[in-house]
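Just so you know, the protein sequences line up as chains H and F, in that order. Just so we're aligned: the first sequence equals residues 2 to 453 in our numbering. Just so we're aligned: the second sequence equals residues 54 to 139 in our numbering. All C-beta atoms in this analysis are idealised placements derived from N, C-alpha and C, irrespective of residue type, glycine included. These numbers come from a predicted model, not from an experiment. Beneath this line is the structure, given in structure tokens, with notes to follow.
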Amino acid sequence: MEKQRYERPIIKKLETGMPNKFGMRTEYAPMTQIDGVSVKELIKEYGSPLFVISESTIRSTIKKAKKAFTTRYPKVQFAWSYKTNYLDAVCKVFHQEGSWAEVVSGFEYKKAIANGVSGKKIIFNGPDKSEDDLRMAIENESLIHIDHLDELYTILELTDVINKRPKVAIRVNMDTGIYPMWDRFGFNYENGQAWDALNKIMRSGKLELMGLHSHIGTFMLSASAYAVAASKLADLAIGIEQKYNHTIKYIDMGGGFASKNTLKGSYLPGFDVTPSFDDFAEAITTTLLNSNFKNSELPTLILETGRALIDEAGYLLGSVVANKRTSSGKRNTIIDVGVNILFTSFWYDHKITPAQPFTHYTETTQIYGPLCMNIDVIRENIDLPLLNKGDHFVIHTVGAYNMTQWMQFITLRPNVVMIDSNSKVHLIRERESMETFSSLEKVPEHLKKFEL
Amino acid sequence: MRINKNIAISDMGFVFNPVNGESYSVNPIGVEIINLLKEDKSYEEIKATILNNYSTDETTFEKDYFDFTNLLLHLNLTETEDEKNN
């Protein structure tokens with residue numbers, strides 16, 4: 002007689018009378034493959050944990066975003082936000098799809114140049130641009146988004162030694178009705194700082210004011226805030242036209258569109274509450290089209306959307322290290338994915354799906370990473386099918402920020418692969434080795450020998 | 054270890070404790086283990102039955118069995134030695 006499939010015994014208290022409007026169980030089928038490639042085989046070949054990026058998801062997402070804007074507004078340009086994910090392969094997919102580069106440091110700027118992006122199609126944001134960075138950007142005719150007056154004066158000084166007219170915009174912060182208001186970057190609209198900077202630029206006669214930029218916040222769940230921002234930038238642009246007879250070329254609405262992740266503390270899953278690209282596009286383009294721009298002088302609309310374009314294309318595969326219980330009897334599962342490589346687990350309740358068949362029985366589980374740190378919690382409470390040591394799982398929507406903000410802490414950062422549109426797997430970043438780190442360290446001569 | 058005499062368990066895995074009114078859901082292998090415990094089977098006997106019927110190994114089952122029975126104890130579904138002797 003064939004033996005039955007084993008599942009560990011569980012007992013679960015029934016919480017009668019507790020509200021359970023949306024049901025506790027979220028996983029109904031295992032995720033055994035990504036874009037036609039077996040999860041088990043991926044882990045066997047490239048190790049666990051493993052970041053996986055779906056090229057076809059990136060392409061379909063950027064196409065969806067472009068469609069939402071270009072069907073509503075005649076001049077639209079996307080610029081890939083390098084800080085969201087600057088793996089070269091990822092950047093190149095976006096550049097193939099027509100995106101310029103949006104960078105926030107000299108390091109990212111050089112990455113964009115090395116990726117083959119023309120200097121003229123690099124937008125340089127960020128509060129820390131060194132004199133060398135600015136010189137490089139001026140020489141390459143990049144679009145420099147000025148963050149503060151010190152930067153403005155440095156650029157003005159550089160015009161005395163560089164025989165090129167810098168192409169600049171200012172970053173404008175403003176009250177768009179959201180809380181907290183982002184006023185750390187750029188010049189404030191309401192108190193006149195923005196006009197002050199614009200007057201300085203226009204009266205210097207040394208800079209070419211190309212556009213206006215704002216980045217009102219991150220993971221924005223309200224499309225209407227963008228309408229407020231677009232209205233204020235349009236007001237500034239029309240004011241410049243009237244005062245200086247100068248037409249700006251573009252309005253850059255920055256990024257901040259939310260992805261489909263679920264924020265911690267959110268009652269509804271991110272999939273249900275996140276505005277669509279169409280919602281954001283409708284709010285921004287309607288405002289611009291209804292403002293007082295002459296039809297022939299409509300500025301190009303630039304978008305630096307990062308998170309919403311890449312998050313869903315990223316998966317993190319991992320394995321169960323062990324199961325145990327807390328003093329109160331609650332299930333704890335330890336996995337080989339820590340907060341050092343899944344930085345976003347600090348603010349998202351990431352969706353986790355087992356990668357092998359399971360029954361309908363679940364346990365309320367707290368998921369820990371492998372770091373010897375109390376903060377290493379991936380999910381505080383998740384109703385998961387029964388996972389055993391060695392089982393695999395897939396963590397969803399991890400494409401944004403994790404592969405740039407990850408930390409090397411007690412372990413080495415893992416491989417990253419990209420699955421192309423023909424289900425072919427490409428290693429796009431090799432896992433780190435002991436040599437990666439030992440090659441950077443220097444031990445003073447007197448510390449080289451010791452006896453224990 | 055013995056399951057409290059007054060604990061009711063259905064074939065579908067519904068467990069009811071009339072002492073405190075709490076109810077629980079148990080998966081099929083859990084039901085099988087509770088029923089074997091109710092019949093006063095020893096760990097060795099239970100292990101032999103499960104290994105005979107399910108595709109698992111001794112170490113895995115031992116680990117899961119003690120995790121499960123500890124939880125039964127934690128939930129006050131089993132009798133202590135004193136209660137058993139009375």
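{"Asked": "Name, in chain order, the residues that DSSP records as bridge partners for residue 316 of chain H.", "Found": "H/53"}
{"Asked": "So, with DSSP's three-state summary, where would you put residue 23 of chain H?", "Found": "Here the model assigns residue 23 of chain H a pLDDT of 47, short of 50, so the residue's position is not dependable and the matter cannot be decided."}
{"Asked": "Kindly give me the distance between the Cβ atoms of residue 353 of chain H and residue 383 of chain H, rounded to whole angstroms, as I take these residues to be in contact under 8 Å.", "Found": "6 Å"}
{"Asked": "Can you pull the DSSP bridge partners for residue 6 of chain H?", "Found": "F/108"}
{"Asked": "For the candidate residues F/56, F/61 and F/55, whose alpha-carbon lies nearest to that of residue 75 of chain F?", "Found": "F/61"}
{"Asked": "On the CB-based measure, 16 or more other CB atoms within 10 Å of its CB, does residue 435 of chain H come out buried or exposed?", "Found": "exposed"}
{"Asked": "Output needed in chain order: residues of the segment 2 to 15 of chain H with a Cβ under 8 Å from some Cβ in chain F.", "Found": "4, 5, 6, 7, 8, 9, 10, 11, 12, 13, 14 and 15"}
{"Asked": "Would residue 186 of chain H and residue 204 of chain H be called neighbours here (beta carbons separated by less than 7 Å)?", "Found": "no"}
{"Asked": "How about residue 78 of chain F and residue 67 of chain H: are their beta carbons less than 7 Å apart?", "Found": "no"}
{"Asked": "Buried or exposed: which applies to residue 336 of chain H, given that a residue is buried once 16 or more other Cβ atoms fall within 10 Å of its Cβ?", "Found": "buried"}
{"Asked": "Does any residue of chain F bring its CB to less than 7 Å from the CB of residue 362 of chain H?", "Found": "yes"}
{"Asked": "Closer than 7 Å between beta carbons: that is the criterion. Which residues of the segment 106 to 118 of chain F meet it against chain H?", "Found": "106, 107, 108, 109 and 117"}
{"Asked": "So that I know if they touch, is there some Cβ in chain H lying closer than 7 Å to that of residue 96 of chain F?", "Found": "no"}
{"Asked": "Spell out whether any CB of chain H is found under 7 Å from the CB atom of residue 63 of chain F.", "Found": "no"}
{"Asked": "So, do the segment 253 to 265 of chain H and the segment 290 to 298 of chain H have three or more beta carbon pairs nearer to each other than 8 Å?", "Found": "no"}
{"Asked": "Over the uninterrupted alpha helix (DSSP H) stretch that includes residue 47 of chain H, give me the two end residues.", "Found": "40 to 47"}
{"Asked": "For residue 82 of chain F, return the contacting residues in chain H, with the cut-off set at a CB-CB distance below 8 Å.", "Found": "7, 8, 9 and 10"}
{"Asked": "Chain F beta carbons: is any one of them nearer than 7 Å to that of residue 48 of chain H?", "Found": "no"}
{"Asked": "Can you confirm whether residue 391 of chain H, when its beta carbon is compared against all beta carbons of chain F, has any partner nearer than 7 Å?", "Found": "no"}
{"Asked": "Tell me which residues of the segment 312 to 331 of chain H have at least one Cβ-Cβ distance to chain A shorter than 9 Å, keeping chain order.", "Found": "No chain A is part of this structure, whose protein chains are labelled H and F."}
{"Asked": "Report the rounded CA-to-CA distance for residue 430 of chain H versus residue 32 of chain H, giving the unit in angstroms.", "Found": "24 Å"}
{"Asked": "I'd like to know whether the C-beta of residue 124 of chain F is nearer than 7 Å to at least one C-beta of chain H.", "Found": "yes"}
{"Asked": "Applying the 10 Å Cβ sphere with the 16-neighbour rule, what's the burial state of residue 305 of chain H?", "Found": "buried"}
{"Asked": "DSSP has residue 101 of chain H in a bridge; who is on the other side?", "Found": "H/80"}
{"Asked": "Could you tell me the distance, in whole angstroms, from the CA atom of residue 302 of chain H to the CA atom of residue 264 of chain H?", "Found": "29 Å"}
{"Asked": "Counting beta carbon pairs with one atom in the segment 127 to 138 of chain H and one in the segment 99 to 111 of chain H, are three or more of them shorter than 8 Å?", "Found": "yes"}
{"Asked": "Where DSSP assigns a beta bridge to residue 255 of chain H, which residues make up the other side?", "Found": "DSSP output for residue 255 of chain H lists no bridge partner at all."}
{"Asked": "Would you call the segment 42 to 53 of chain H and the segment 411 to 418 of chain H in contact, with 3 or more CB pairs under 8 Å?", "Found": "yes"}
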